[in-house]
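Report on the structure given below.
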Amino acid sequence: LQARIIRRSKILFLMLENWLSPVPVADLQPANPAPFQLGQQLTIYSGGKVPDLSGIQVALVGVNAKEANAIRKSLYTLSFPFEGLRVADLGNTRTPSSSFIIPLLNDLNTAGIIPILLSGDHQHALALYKALETTLRHINLVLIDERIRLRESAPDADDNLLNDPVFAKKSKLFHLGLIGCQSHLVDPETLRFLSEHHHEVVRLGNARAAITEVEPVIRDADLACFHLPALKRIEAPAQSPASPSGFFLEEA
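Set out below in C-alpha cells:
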C-alpha cells in the first residue's frame, strides 16, 4: 500500500506541473510577514518544481489568476489557527476549461487531498462534482447561494448548474442541500420538486434566524460550494448582480 501511495504521489507530482502555473508569492506577501500568518504556514508552489505533497491534506487551486491572486493577497495575511493541518497552495490552472480542471481535481481527490477551488465562475462547482463522481458511489452536495440554479424546463441553460447532477439518468447525487436561497428569486415549482425528492432547502430567513440549523446539512457534505451572491451587497459589492439581501460575513 505504501509503495502504491508513493508511486501515485510521483505521478501526481509530474502531472501537476503540466496543469498549474506557480503563485507569484513576492507580489502577494506583505513586506514583513509574521510567522503565524497563513502565507507563512502554507506549502506554496511558487516557481521551479511542484512541492512535495506528502502529508498534504488540503490544496488551494486558483482558476483565473487575476481573481485568485487577489484573494490570496488578503488571505495570506490572516492568522492560521489550524494546528496540525497541512495545506498547500498549488497555484493557478493553466486554462479555465472545466474539461481541463476535472482530471486535476480527480487526481487530488484520489491522493486523499481535499481541493478548494478559487473561481469566479459558478460552473466550476460542476467540475468539482464531476471529479467526485469518479471516486464516490454517492455524493452529498451543498450549495450556499441566493438562488436555486435548477430548472427542468431549461436543461441546457448555463445558469442551471444543478440540472446535470439532479436530472442525469445515472446520477450519483444522493442528497442536495441548498442554503441561503431567497424566496423572491426561486420558482415555487422548483421548491415543490426538491421537497418531493427529499432534498433540503434552508431559506435565507430561516438560516439567519437559527444559523445552527445549517450545521447538519453541511456536516454530511462531500462537496460544499459557496457563491458570493449569497452575501449582502455591502459585504461583497463587486459581485454581479449584487443583492441587498443575503448573509453578513460573520454568518458566512
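With our numbering, letter number 52 in the sequence shown gets 1053, and the count goes up by one each step, no holes.
Note that the Cβ used here is the ideal one computed from N, Cα and C, for glycine as well.
Practice task
Could you tell me the distance, in whole angstroms, from the CA atom of G1092 to the CA atom of E1018?
Solution key: 10 Å
Handout entry: Proximal residues to I1114 (C-beta, below 6 Å), its chain only, five neighbours per side dropped
Key = I1057, A1060
Handout entry: Span separating the alpha-carbon of S1022 from that of C1182
Key = 35 Å
Problem - Ranges of the alpha helix (DSSP H) found wholly within the stretch 1168-1211, counting only runs of at least 4 - result: For the alpha helix (DSSP H) assignment, the uninterrupted runs of no fewer than 4 residues enclosed by the stretch 1168-1211 are, from N- to C-terminal side, 1189-1197, 1205-1210.
Exercise for the section: Taking only heavy atoms of the ligand ADP into account, decide whether any of them is closer than 7 Å to the Cβ of I1212. Expected result: This structure lacks the ligand ADP, and indeed carries no ligand of any kind.
Problem - Cβ pair R1209, S1184 closer than 8 Å - result: no
Problem - Burial state of K1050, where buried means 16 or more other Cβ atoms lie within 10 Å - result: exposed
Exercise for the section: Kindly identify the DSSP beta-bridge partner or partners of A1225. Expected result: V1143
Handout entry: 8 Å Cβ cutoff met for N1141 and A1231
Key = no
Exercise for the section: Using the Cα positions of A1211 and C1226, report the straight-line distance between them to the nearest angstrom. Expected result: A direct Cα-Cα distance of roughly 20 Å separates A1211 from C1226.
Problem - E1216 versus T1096, A1237, A1253, P1245, residue with shortest Cα-Cα distance - result: A1253
Exercise for the section: Classify P1116 as buried or exposed, calling it buried when 16 or more other Cβ atoms lie within 10 Å of its own Cβ. Expected result: buried
Practice task
Mark E1147 as exposed unless 16 or more other C-beta atoms lie within 10 angstroms of its C-beta, in which case mark it buried.
Solution key: buried
Handout entry: As assigned by DSSP and simplified to three states, the class of F1248
Key = strand
Exercise for the section: Give the single residue among F1175, T1213, H1199 whose Cα lies nearest to the Cα of L1224. Expected result: F1175
Exercise for the section: For the alpha helix (DSSP H) holding L1076, just list the boundary residues, first then last. Expected result: 1066-1076
Practice task
Whole angstroms is fine: what's the gap from F1168's alpha carbon to L1229's?
Solution key: When rounded, the distance between both Cα atoms is 25 Å.
Practice task
Assign I1219 to one of three DSSP states: helix, strand, or coil.
Solution key: helix
Handout entry: Rounded Cβ spacing between L1039 and L1079 (contact assumed at less than 8 Å)
Key = 5 Å
Problem - Close-in-space but distant-in-sequence residues of the same chain around N1107 (CB under 6 Å, 5 per side omitted) - result: Cβ neighbours of N1107 beyond the five flanking positions: A1132, T1135.
Exercise for the section: Have a look at the DSSP bridge pairing and note the partners of T1135. Expected result: According to DSSP, T1135 bridges with nothing at all.
Practice task
Closer than 8 Å by C-beta to P1025: which residues in its own chain qualify, once you throw out the five before and the five after it? Chain order, please.
Solution key: S1047, N1070
Exercise for the section: Classify A1089 as helix, strand or coil using the three-state DSSP reduction. Expected result: strand
Handout entry: T1094 vs V1143 beta-carbon contact at 8 Å
Key = no
Exercise for the section: Label H1125 either buried or exposed according to how many other C-beta atoms from any shown protein chain fall within 10 Å of its C-beta, with 16 as the threshold for buried. Expected result: buried
Problem - Proximity to E1251 [Cα-Cα], best of D1122, S1244, I1235 - result: I1235
Exercise for the section: Can you give me the start and stop residues for the beta strand (DSSP E) that A1243 sits inside? Expected result: First-last for A1243: undefined, no H or E at that position.
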